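Take the position in the sequence shown, starting the count at 1, then add 24; the result is the number in the working numbering.
Where is the CB? At the ideal position from N, CA and C, for every residue including glycine.
Fair warning: this is a prediction, and the values are worked out from it, not measured in the lab.
Below is one structure, written out as structure tokens; comments come after it.
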Amino acid sequence: MKIKKILNNNAVLVGKNGKDFIWIGTGLGFQMKPGLEADESKIEKIFVLKEKTSYQRFEKLIASIPIKYFSLTDDIIQLAKDRLDYEVSEMLYISLTDHLFNLMKLYRQGISLHNRLSWEIKKSYPKEFEIGKQALRLIEEKLNVRLEDEEAGNIAMHLINAQINENGNQKFDARTIAKKIRDIIVIIRLSNKLTINEDSLAYDRFITHLRFFFQRLDAEDQSKPNPLLTYVKEQYHQAFQTMKLVEEYLESALNDDEQLYLTLHIQKLIEND
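In structure tokens, the structure reads:
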């Protein structure tokens, strides 16, 4: 393919049949000019960015960050694509590459990025956290740097935040969701004087419920009154009152179905105490 633009000594923009590609490889752009044929034997990674904003940011980033970080990011994203059941935004290439580069810069200065929500992310998003741990192994292999498992939570957050829905929009902020889940668990524990078993099936189910609950929270409410809620309210009065505390914390009026299922999950945690 012919070169359309030299991005730096190791990256070029090429095009064919109306499609643009960013090729990365050692020396790809060295002493080359637009219009010349790019040397395909030097290709290490190929990026296809459909969004103009993504390409513009990628171009700026590639001018200041060594290509090894782009290569590492691509390896991590490929891991994610193989193991996750949702698509991720193109912006992940930019955000994760920038994070890894700055992480290593701080590491060399003896500074660690602590993630106080790492445990909550591990419990709430186990698949993403496991990919984060695999990413740490890639970092050790490619950069010869061993990082603490806490960093897996930071990488997981980038994956979660890059999740897009069927309309192509990013869904939610992982840090905010993880904090809300942690706060809700504290509310349940304190209001019921519980010692919650975080290894229990009831806890895992509750966390899973909360993850999808937050995705539905801002959706348009088309539900109908649920008569079962009256029965549950009477049968599990303490769990219902705890649910109302959670509702107050969220500053959101929950519909009957959400109140019902949230109460039932809280009841299961109470019974498992």
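Apart from the five residues on each side of it in sequence, which residues of its chain come closer than 8 Å, Cβ to Cβ, to Glu68? Numbered from 1 along the sequence shown, position 44 holds the residue referred to as residue 68. Ile48, Gly49, Thr50, Ile91 and Ser95, listed in sequence order.
Boundaries of the alpha helix (DSSP H) in which Ala35 is found, first to last residue: Here residue 35 refers to the residue found at position 11 when the sequence shown is read from its first residue. Note, Ala35: premise wrong, no alpha helix (DSSP H); beta strand (DSSP E) at Ala35 to Lys40.
Ala202 and Ser276 look like a contact to me (Cβ under 8 Å); what is the Cβ gap, rounded to whole Å? The residue given as residue 202 occupies position 178 in the sequence shown. The residue given as residue 276 occupies position 252 in the sequence shown. The Cβ separation is near 18 Å, so there is no contact.
In terms of residues, what are the limits of the alpha helix (DSSP H) holding Leu130? Stepping through the sequence shown from its first residue, residue 130 is reached at position 106. Run containing Leu130: Met115 to Arg132, per the alpha helix (DSSP H) assignment.
Looking at Lys268 and Ile238, is the spacing between their C-beta atoms short of 9 Å? By 1-based counting over the sequence shown, the position of residue 238 is 214. By 1-based counting over the sequence shown, the position of residue 268 is 244. One point to set straight first is that residue 238 is Phe, not Ile, in the sequence displayed. Taking 9 Å as the Cβ cut-off, Phe238 and Lys268 do not qualify as a contacting pair.
Three or more C-beta pairs closer than 8 Å, one from the segment 153-162 and one from the segment 171-190: is that the case here? Touching, yes.
Start-to-end residues for the beta strand (DSSP E) that takes in Leu183: Stepping through the sequence shown from its first residue, residue 183 is reached at position 159. Per DSSP, Leu183 is not a residue of any beta strand (DSSP E); the alpha helix (DSSP H) it occupies stretches across Glu174 to Asn185.
Give the single residue among Gly53, Leu284 and Glu272 whose Cα lies nearest to the Cα of Tyr260. By 1-based counting over the sequence shown, the position of residue 260 is 236. For Tyr260, the nearest C-alpha among the options comes from Leu284.
Between which residues of its own chain and Leu286 is the CB-CB distance below 6 Å, once the five residues before and five after are set aside? Here residue 286 is taken as the residue at index 262 of the sequence shown, counted from 1. Correct list, in chain order: Met267.
Between the segment 210-227 and the segment 156-172, do three or more beta carbon pairs fall short of 8 Å? Taking 8 Å as the limit for Cβ pairs, the verdict is that the segment 156-172 does not touch the segment 210-227.
Please name the residue, chosen from Lys28, Leu293 and Ser136, that lies closest to Ala315 on a Cα-to-Cα basis. Residue 315 falls outside the range modelled here, since the chain spans only 25 to 297, and no answer is possible.
Do you know offhand how far Val38's Cα is from Asp99's? What you label residue 38 is simply residue 14 of the sequence shown in a count that begins at 1. What you label residue 99 is simply residue 75 of the sequence shown in a count that begins at 1. Straight-line Cα distance between these residues: approximately 22 Å.
Taking only the alpha-carbon atoms, compute the straight-line gap between Leu124 and Arg107 and give it to the nearest angstrom. Numbered from its first residue, the sequence shown carries residue 124 at position 100. Numbered from its first residue, the sequence shown carries residue 107 at position 83. Computed Cα separation, rounded: 21 Å.
Just list the alpha helix (DSSP H) runs in the segment 244-287, keeping only unbroken ones of 4 residues or longer that don't cross its boundaries, in chain order. Counting whole runs of 4 or more residues, the segment 244-287 contains the alpha helix (DSSP H) stretches 252-259 and 261-274.
Can you name the start and end residues of the alpha helix (DSSP H) that Leu214 belongs to? Indexing the sequence shown from 1 puts residue 214 at position 190. Residues Ala198 to Asn216.
Out of Asn33, Lys57, Phe54 and Phe82, state which residue places its alpha-carbon closest to the alpha-carbon of Phe45. Taking the sequence shown and counting its residues from 1, one reaches residue 45 at position 21. Out of Asn33, Lys57, Phe54 and Phe82, Phe82 has the C-alpha closest to the C-alpha of Phe45.
Counted within 10 angstroms of its Cβ, other Cβ atoms place Ser142 as buried (16 or more) or exposed: Taking the sequence shown and counting its residues from 1, the one referred to as residue 142 is at position 118. Answer is buried; the Cβ neighbour count reaches 16.
Compare the Cα-Cα distances from Pro58 to each of Lys66, Asn32, Ile184 and Glu144 and report the closest residue. Mapped onto the sequence shown, residue 58 falls at position 34. Ranking the options by Cα distance to Pro58, first place goes to Asn32.
Which of the three DSSP states, helix, strand or coil, is assigned to Glu61? Taking the sequence shown and counting its residues from 1, the one referred to as residue 61 is at position 37. In this structure, Glu61 counts as strand in the three-state DSSP scheme.
I'd like the span of the beta strand (DSSP E) that includes Lys341, first residue to last. Within the shown structure, residues of the chain are numbered from 25 to 297, placing residue 341 beyond reach of any answer.
Option in Lys74, Leu73, Tyr93 and Glu282 with minimal Cα separation from Glu164: To locate residue 164, count along the sequence shown from 1; it is residue 140. The shortest Cα separation from Glu164 among Lys74, Leu73, Tyr93 and Glu282 belongs to Tyr93.
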